[in-house]
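Notes to accompany the following structure.
In the working numbering, the protein residues as written are 1 to 224.
Here it is as structure tokens:
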């Protein structure tokens, strides 16, 4: 399977064909004008990322440079630093800023694909997800139209995403060093809240926030 072109789409996902292959930058002007909040936003050639968005979940994996081997330990990228930078610059920060999760996905070696043991079973994962969904339904029972963490407004985040002192210090460092926007800050908190729910934790600790920041990989590369 070609990990550079694999794509999964879900109902409600908005696609922009050949985003980085088109002239100029893909930005959050006209392309997003018809997108309602909660929809997924995808580009055919967005950097090597998996994107997920609130009520409508869509995922895709794409290449991170024209040749597709940027960061691949088994192949040499022939694009050069300038070529990679020019390629990634076609996707603007404001667009990425509106996506909850962007995650770099390396190629998987055959041995890892063939390994049948050692990981969490699908049944166990399903049980954790079901419990987390039940927690969220109870959490937002008094909030019409809100039934999942992804739908939280700023006031909900202030109420339900209170962080420990350690997590607060980590967030402060991330916001400063990565120059994150207010929108990215809120998305990190919503993701951290979901991670904590999956772990059965009531409060947001450093480990939850740290993992959430890892799911903003293009922020960490300075692209958003």
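For each residue, glycine too, the CB sits at the ideal point set by N, CA and C.
If you count every other CB in all the chains shown that lies within 10 Å of the CB of residue 87, and 16 or more means buried, which is it? Along the chain shown, read from residue 1 onward, the residue named residue 87 stands at position 87. Classification for residue 87: buried.
Are the Cβ atoms of residue 204 and residue 167 separated by less than 7 Å? Here residue 204 is taken as the residue at index 204 of the chain shown, counted from 1. Here residue 167 is taken as the residue at index 167 of the chain shown, counted from 1. Yes. Within cutoff.
Report the residue from 146, 200, 202 and 188 whose alpha carbon sits nearest the alpha carbon of residue 209. Within the chain shown, residue 209 is the residue found at index 209, counting from 1. Per the Cα distances, 188.
Alpha carbon to alpha carbon, how far is residue 106 from residue 159? Give it in angstroms, no decimals. By one-based count along the chain shown, residue 159 stands at place 159. By one-based count along the chain shown, residue 106 stands at place 106. Roughly 36 Å between the two C-alpha positions.
When we look at the beta-carbon of residue 165 and count the other beta-carbons within 10 Å, is it buried (16 or more) or exposed? Translated into positions along the chain shown, residue 165 becomes position 165. Exposed is the call here.
With a threshold of 8 Å on Cβ separation, who are the neighbours of residue 161 within its own chain once the five nearest residues in sequence on each side are excluded? Position 161 of the chain shown, counted from the first residue, corresponds to residue 161. Sequence-distant Cβ neighbours of residue 161 in its own chain, meaning closer than 8 Å and more than five residues away, are 152, 189, 190, 192, 193 and 204.
Opening and closing residue of the beta strand (DSSP E) in which residue 188 lies: As a position in the chain shown, residue 188 is number 188, starting the count at 1. Counting along the chain, residue 188 sits inside no beta strand (DSSP E); it lies in the alpha helix (DSSP H) bounded by residues 182 to 199.
If you follow the beta strand (DSSP E) that residue 125 is part of, which residue opens it and which one closes it? Sequence index remark: in the chain shown, residue 125 carries index 125 (1-based). Careful: residue 125 lies outside any beta strand (DSSP E), inside the alpha helix (DSSP H) at 122 to 139.
Could you tell me which of 202, 201, 212 and 183 sits nearest to residue 94, measuring between CA atoms? Locating residue 94 in the chain shown gives position 94, where the first residue counts as 1. Ranking the options by Cα distance to residue 94, first place goes to 183.
What residue does the beta strand (DSSP E) around residue 104 start on, and which one ends it? The sequence position of residue 104 within the chain shown is 104, counting from 1. Counted as a single uninterrupted DSSP element, the beta strand (DSSP E) harbouring residue 104 occupies residues 101 to 104.
Quick one: grab the DSSP three-state call for residue 216. By one-based count along the chain shown, residue 216 stands at place 216. Here residue 216 sits in strand by DSSP.
Nearest to residue 80 by CA position, among 135, 146, 67 and 148, is which residue? By 1-based counting over the chain shown, the position of residue 80 is 80. Comparing Cα positions, the closest option is 67.
Give me the Cα-Cα distance between residue 177 and residue 163, rounded to the nearest whole angstrom. Here residue 177 refers to the residue found at position 177 when the chain shown is read from its first residue. Here residue 163 refers to the residue found at position 163 when the chain shown is read from its first residue. Here the alpha carbon of residue 177 sits roughly 19 Å from the alpha carbon of residue 163.
Which same chain residues end up closer than 7 Å to residue 140 when comparing Cβ atoms and leaving out the 5 residues on each side of it in sequence? Walking along the chain shown from the start, residue 140 turns up at place 140. 146 and 147.
Could you name each continuous beta strand (DSSP E) segment of 3 residues or more that falls completely within the region 139 to 181, going from the start of the chain to the end? Runs of beta strand (DSSP E) with 3 or more residues, each lying fully within the region 139 to 181, are absent.
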